[in-house]
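Numbering (our numbering), first residue to last: 3 to 267. By construction, the Cβ of each residue, glycine as well, lies at the ideal position given by its N, Cα and C atoms. Because the structure is a prediction, the values reported are computed rather than measured. Reading through the C-alpha cells given below for one structure.
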C-alpha cells in the first residue's frame, strides 16, 4: 500500500482537485483507493457529497482513537474509491495534542495498524503547517505539491520546501516529491511568466507539464464526479492522466517522465 500526500502551505492551488482526480483515475484503473480528507474545511468530503457535519466516523475520530481507520471510511459513488471524511473538529487537534510525544506520527501508526485492504491512500492536507500536515508527511511515501502558476503561490512553494526539509531530517530520509503546476492559463502573460520561473528554479523537481484552467473541473465537482467521468475528452482529463502516468513511472523506478518533458498541456 502506497501513501501519496497532496500538500502546499497555500490555499486555492488545486490540492483537492488533484487528490480527487488522481484517486479516481487510479480507481478507474482497477486500484482500490482510500482518500483521506485532513482539511477542516472538508472540501474533498463535500465534493464527494458527504456532509462533514453529519458523517458519523471521520478522521477526527481516528486521531482521538475513537474509531479505527480500517472501519471508519465510506464507499463513494465512484467504484473502487473510498473516503475517510473530514470534520471541523480537525482544527482543534493542534490545541488538543500540543507537543505531546508521538503526536506527529499518529496517522502513520493508524495506517500501519489498520489492516487496510487498499492499494493506494491519498491524503488531502490543509494549507497550514500544523499537526495535520506533519502527520500526513510523516506517513507519506510520495508527495505531490500543487503550485498555482501565479507569483504569490511561488512564495508558498518556498515555505513548503522548507517544511519538507525539516520533515526529511526528522524521517532521516528524503521524501520523494513532485511539484505540479496548476491553474495554468496560457492566455495570460502572468501565468506564463510564473510557469517559466518555476522551470528556471525547480526544473529537476517539477512535472514538465501542467494542470490547466478548465471550467469542466468545476462542472465535475458540482456533480461529485471526476473530470474524466464528466468528460473523458476534456483537456483537464488529459492533464490528470499524464500526471498519474508520470507519478506511477517515478514510483516504479523507471526514467521519470519529468526529466523528458518540458512542454505544456
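Rounded straight-line distance, which links the Cα of residue j to that of residue i
i: residue 195; j: residue 175; result: 33 angstroms
i: residue 89; j: residue 131; result: 18 angstroms
i: residue 51; j: residue 226; result: 6 angstroms
i: residue 233; j: residue 100; result: 45 angstroms
i: residue 200; j: residue 251; result: 22 angstroms
i: residue 74; j: residue 59; result: 5 angstroms
i: residue 66; j: residue 235; result: 43 angstroms
i: residue 11; j: residue 127; result: 9 angstroms
i: residue 39; j: residue 179; result: 19 angstroms
i: residue 216; j: residue 18; result: 15 angstroms
i: residue 105; j: residue 169; result: 14 angstroms
i: residue 115; j: residue 107; result: 12 angstroms
i: residue 214; j: residue 189; result: 11 angstroms
i: residue 85; j: residue 21; result: 11 angstroms
i: residue 230; j: residue 96; result: 37 angstroms
i: residue 218; j: residue 102; result: 44 angstroms
i: residue 14; j: residue 223; result: 15 angstroms
i: residue 37; j: residue 198; result: 32 angstroms
i: residue 83; j: residue 162; result: 28 angstroms
i: residue 264; j: residue 205; result: The pLDDT assigned to residue 264 is 37, lower than 50, so where the model puts this residue is not dependable; a value taken from the coordinates is nonetheless given after this. Roughly 8 angstroms between the two C-alpha positions.
i: residue 209; j: residue 221; result: 25 angstroms
i: residue 243; j: residue 26; result: 10 angstroms
Burial state of residue i (16 or more Cβ within 10 Å)
i: residue 47; result: buried
i: residue 152; result: buried
i: residue 192; result: exposed
i: residue 56; result: exposed
i: residue 184; result: buried
i: residue 172; result: exposed
i: residue 32; result: exposed
i: residue 157; result: exposed
i: residue 254; result: exposed
i: residue 117; result: exposed
i: residue 63; result: buried
i: residue 238; result: buried
i: residue 41; result: buried
i: residue 16; result: buried
i: residue 94; result: exposed
i: residue 260; result: Per-residue confidence for residue 260 stands at a pLDDT of 40, beneath the threshold of 50, marking its modelled position as unreliable; the derived number appears in the next sentence. Residue 260 comes out buried.
Which of helix, strand or coil DSSP assigns to residue i
i: residue 247; result: helix
i: residue 186; result: strand
i: residue 256; result: For residue 256, the predicted structure reports a pLDDT of 40, less than 50, and the residue's modelled location is therefore unreliable. A value from the coordinates is still provided. Correct three-state label for residue 256: coil.
i: residue 165; result: helix
i: residue 36; result: strand
i: residue 177; result: coil
i: residue 5; result: strand
i: residue 13; result: coil
i: residue 236; result: coil
i: residue 30; result: helix
i: residue 69; result: coil
i: residue 74; result: coil
Whole-angstrom C-beta distance between residue j and residue i, which should lie under 8 angstroms
i: residue 159; j: residue 181; result: 7 angstroms
i: residue 246; j: residue 24; result: 5 angstroms
i: residue 5; j: residue 136; result: 14 angstroms between Cβ atoms; not a contact.
i: residue 92; j: residue 61; result: 6 angstroms
i: residue 7; j: residue 113; result: 12 angstroms between Cβ atoms; not a contact.
i: residue 35; j: residue 120; result: 7 angstroms
i: residue 147; j: residue 9; result: 7 angstroms
i: residue 125; j: residue 140; result: At roughly 11 angstroms, the Cβ-Cβ gap does not stay under 8 angstroms, so residue 125 and residue 140 are not in contact.
Length at least 3, wholly inside the region 76-161: the beta strand (DSSP E) runs in chain order: Segments of the beta strand (DSSP E) lying fully in the region 76-161: 83-86, 122-126 and 144-150.
At 4 residues or longer, what runs of the alpha helix (DSSP H) sit wholly inside the region 39-64? Taken in chain order, the unbroken stretches of alpha helix (DSSP H) that lie wholly in the region 39-64 and span 4 residues or more are 45-49.
Starting from the N-terminal side, write out each stretch of the alpha helix (DSSP H) that is 4 residues or longer and does not extend beyond the region 186-227. Counting only runs of 4 or more, we get 191-204 and 217-225.
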